[in-house]
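Residue numbers (my numbering), protein chains in the order written: chain A, 2 to 299; chain B, 2 to 299. Backbone N, C-alpha and C fix where the C-beta goes; we use that ideal spot for every residue, glycine too. Note that the structure is a prediction, hence the values are computed from the model and not measured. Here the structure is laid out as structure tokens; the discussion comes afterwards.
Protein chains: 2
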Amino acid sequence: MMNCLNVAVVGYGNVGRYAVEAVLAAPDMELGGIIDVIPYKLPGMPIVNDITQLEQKIDAALLCIPSILVPEIAPAYLARGIHTVDSFDIHGEKLWQHHQNTDRIGKEHNTVAVVSAGWDPGSDSVLRILMTAMAPKGLTYVNFGPGMSMGHSVCAKSKEGVKDALSVTVPVGSGLHRRMVYVELEEGADFQSVEQAIKTDDYFIRDETHVIAVASINELKDTGHSVHLERKGVSGITHNQHFEYRMTINNPALTSQIMVSCARAAAWRLKPGAYTMPEIAPIDLLPGDRETLLKTLI
Amino acid sequence: MMNCLNVAVVGYGNVGRYAVEAVLAAPDMELGGIIDVIPYKLPGMPIVNDITQLEQKIDAALLCIPSILVPEIAPAYLARGIHTVDSFDIHGEKLWQHHQNTDRIGKEHNTVAVVSAGWDPGSDSVLRILMTAMAPKGLTYVNFGPGMSMGHSVCAKSKEGVKDALSVTVPVGSGLHRRMVYVELEEGADFQSVEQAIKTDDYFIRDETHVIAVASINELKDTGHSVHLERKGVSGITHNQHFEYRMTINNPALTSQIMVSCARAAAWRLKPGAYTMPEIAPIDLLPGDRETLLKTLI
């Protein structure tokens, strides 16, 4: 690889820590710095609380921050000439608005926004679309877990009176899930109010949700996760075509690795604008020349 | 969908028959005709032996012909202003040459060639690349079968003295396979010569191959097939990430459905040139507007 991308990690939390490792492990990237509001001290790594404090020119920023902050933060980087990769995990209308907005700002400033990069949304979205192209009629079920949902945990933790939270997703079949939400309460917090706030949030309202108070969240945390994606459908007029995909992974490690692969596509392959993962040719996620990739991986 | 693509099916064999069904089932396509050297008679469908005999303007041609004929036939269509989709299934250097050649001719004539569209190469290639982007270090194993391999059967059938042939792929683990090749011999054919010709062909030379003479191939045929694709690898510096994909499908029905989905990308989304499936954004395989797709499938 002739050139190296200079990549910044924004947010040094659950995903950000793994993102730093993934950037350092990538053959075509250098870590330009870490940006966080908390002044962590890491030997040999510049941590600043604002991108303007980094001395090097940054090509791409991995936004390892809560989804709710992404639509506000991404445009600031794009307008500064920095490609962004986020893992915005709210599906539907909000995703479309974020996509439209970053598409416009990216085109104005000659930058690329990869939105909703991760495994779901992300690589699972690619699989859902690929399976639909393979069997246009039929049903797809996505079964998550058992495993910790980062998005749901962040949501539960954001509620008043919650010191720390862990939301475990349990598959109950046919794409349905139970949410087991463990909360460590702040002193004097009212459990019933916390439970109500969690159960009525958009993140939880459609699922069977149980809220349980515990003494320490830290003792429960395991970032392993699983998914089982299945489709049975019709190719042409031929029925009974079966497809299934399973994975068992460390969640933040996979999310950040996918973000790193998407940063590569953003910097070297894609035209200005916004892209979800199914809008990116998969080969653009990999380093290396096209000839070698086509000869070895097709 | 405002416009309809006019699609021709070239070769009315194993895949071609299913391709006709898949084109007729597609919401955004019409069957412009079938082209074959054999004058089949099908009620209500124009079958001709040359594209110039079709009265309608054809937008895209699905080349449902043996791989060995594809590099010669595809350029003729591309040069005539017709997009092509083939399922060229010879990996490595020959694929790269075919890609380079159709890329040049497509660009000269403002047409798109989708090459090696099917499930392997094809959708499996997309999965191999996606899994590599998710865990850049590690091993991928592709296990086929049990099931009939169309490419290998066509190859065996092409040997002198073979009236009909069926090659069944049996997975023996770790991406290794046994080839069980059933041959119906022509009168007076020498079994040893046939066996030798098959075992030394590029298609078979790397695998454990058994050739068995039978009275009738027709009694053995079942177009069901399976694949099990697995990768265990490293995301960032986190080991033990497991991914697996399985499918159980009717082989020609899936191959032709994928070719139909690729014809859509060729006609409406891709710029002139040649593309394998991993070079196509997966969302371009589906009909429908971007907003609806992003809101429902991401």
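C-alpha distance - residue i paired with residue j, whole-angstrom precision
i	j	result
B:Met30	B:Arg265	9 Å
B:Thr249	B:His226	6 Å
A:Ile74	A:Ser117	14 Å
B:Leu25	A:Asp290	39 Å
B:Ile91	B:Ile69	9 Å
B:Ala136	B:Pro47	49 Å
B:Lys229	A:Ala190	Per the sequence presented here, residue 229 of chain B reads as His, with Lys not at that position. C-alpha separation (whole angstroms): 51 Å.
B:Asn111	B:Ile59	14 Å
A:Asn144	A:Arg232	11 Å
A:Pro283	B:Phe192	45 Å
A:Pro253	A:Asp51	23 Å
A:Ile281	B:Arg270	13 Å
A:Asp121	B:Asp208	38 Å
B:Ala275	A:Gly93	33 Å
B:Ile238	B:Asn251	39 Å
B:His211	B:Asp203	15 Å
B:Asp223	A:Val261	44 Å
A:Ser236	B:Asp165	27 Å
B:Gly234	A:Leu286	16 Å
B:Ala27	B:Cys263	12 Å
B:Ala157	B:Gly139	34 Å
A:Phe205	A:Ile199	7 Å
B:Val49	B:Ala23	20 Å
B:Tyr41	B:Leu55	15 Å
B:Met2	B:Thr256	Any reading at B:Met2 needs caution, since the residue's pLDDT is 43, under 50, leaving its predicted position unreliable; the model's value is listed next. Approximately 24 Å between the Cα atoms of the pair.
B:Gln197	B:Ile213	12 Å
A:Tyr78	B:Ala77	48 Å
A:Arg179	A:Thr201	15 Å
B:Gly123	B:Glu109	25 Å
B:Ala268	A:Asn7	37 Å
B:Ser126	B:Thr170	19 Å
Residue i, buried or exposed, once every other Cβ within 10 Å from all chains shown has been counted against 16
i	result
A:Val163	buried
B:Gln242	buried
B:Gly152	buried
A:Cys5	exposed
A:Lys160	buried
B:Gly45	exposed
A:Leu43	exposed
B:Ile130	buried
A:Thr53	exposed
A:Ser194	exposed
First and last residue of the uninterrupted alpha helix (DSSP H) at residue i
i	result
B:Asp203	That residue, B:Asp203, is in no alpha helix (DSSP H); it is neither H nor E in DSSP.
A:His99	94-110
A:Ser154	151-158
A:Ala77	71-80
B:Leu6	Here B:Leu6 belongs to no alpha helix (DSSP H); instead the beta strand (DSSP E) covers 6-11.
B:Asp125	124-135
B:Thr297	291-298
Of the residues the options, the one placed nearest residue i, counting alpha carbons only
i	options	result
B:Ala61	B:Thr201, B:Ala9, B:Glu109, B:Trp97	B:Ala9
B:Gly37	B:Ile206, B:Ile66, B:Gly189	Correcting the residue identity first, residue 37 of chain B is Asp in this sequence and not Gly. Closest by alpha carbon: B:Ile66.
B:Leu167	B:Gly12, B:Ile206, B:Val155, B:Thr210	B:Val155
A:Pro147	A:Pro122, A:Ile213, A:Arg247, A:His240	A:Arg247
A:Val215	A:Val171, A:Ala23, A:Met181	A:Met181
A:Thr297	B:Gly234, B:Thr133, B:Ala77	B:Thr133
B:Gly176	B:Leu131, B:Gly123, B:Glu245, B:Lys200	B:Glu245
A:Gly174	A:Lys158, A:Gln197, A:Thr141	A:Thr141
A:Leu294	B:Pro40, B:Lys42, B:Ala268, B:Leu96	B:Leu96
B:Gln98	B:Gly82, B:Gly107, B:Ile199, B:Pro72	B:Pro72
B:Leu63	B:Lys272, B:Val169, B:Gly139, B:Gln258	B:Gln258
A:Gly107	A:Asp125, A:Phe205, A:Ala80, A:Thr170	A:Ala80
B:Met149	B:Pro172, B:Leu128, B:Arg129	B:Pro172
A:Pro279	B:Leu128, B:Gly12, B:Tyr13	B:Leu128
A:Ile39	A:Gly12, A:Ser124, A:Val169	A:Gly12
B:Pro273	B:Ile35, B:Gln57, B:Gly82, B:Val21	B:Gly82
Where the beta strand (DSSP E) through residue i begins and ends
i	result
A:Pro283	Per DSSP, A:Pro283 belongs to no beta strand (DSSP E) and is neither H nor E.
A:Gln242	239-251
A:Gly17	No beta strand (DSSP E) contains A:Gly17, which is instead part of the alpha helix (DSSP H) from 15-26.
A:Val173	163-174
B:Lys138	138-145
A:Met30	30-36
So, does the region 180-187 of chain B touch the region 217-234 of chain B, judging by three or more C-beta pairs under 8 Å? yes
Is there contact here, the region 80-95 of chain B with the region 103-117 of chain B, by at least three beta-carbon pairs under 8 Å? Flag = yes, the region 80-95 of chain B and the region 103-117 of chain B touch.
Is the region 95-110 of chain A touching the region 23-42 of chain A, taking contact as three or more C-beta pairs under 8 Å? no
Between the region 11-20 of chain B and the region 276-290 of chain A, can you find at least three pairs of beta-carbon atoms closer than 8 Å? Contact between the region 276-290 of chain A and the region 11-20 of chain B is not established, with fewer than three Cβ pairs separated by less than 8 Å.
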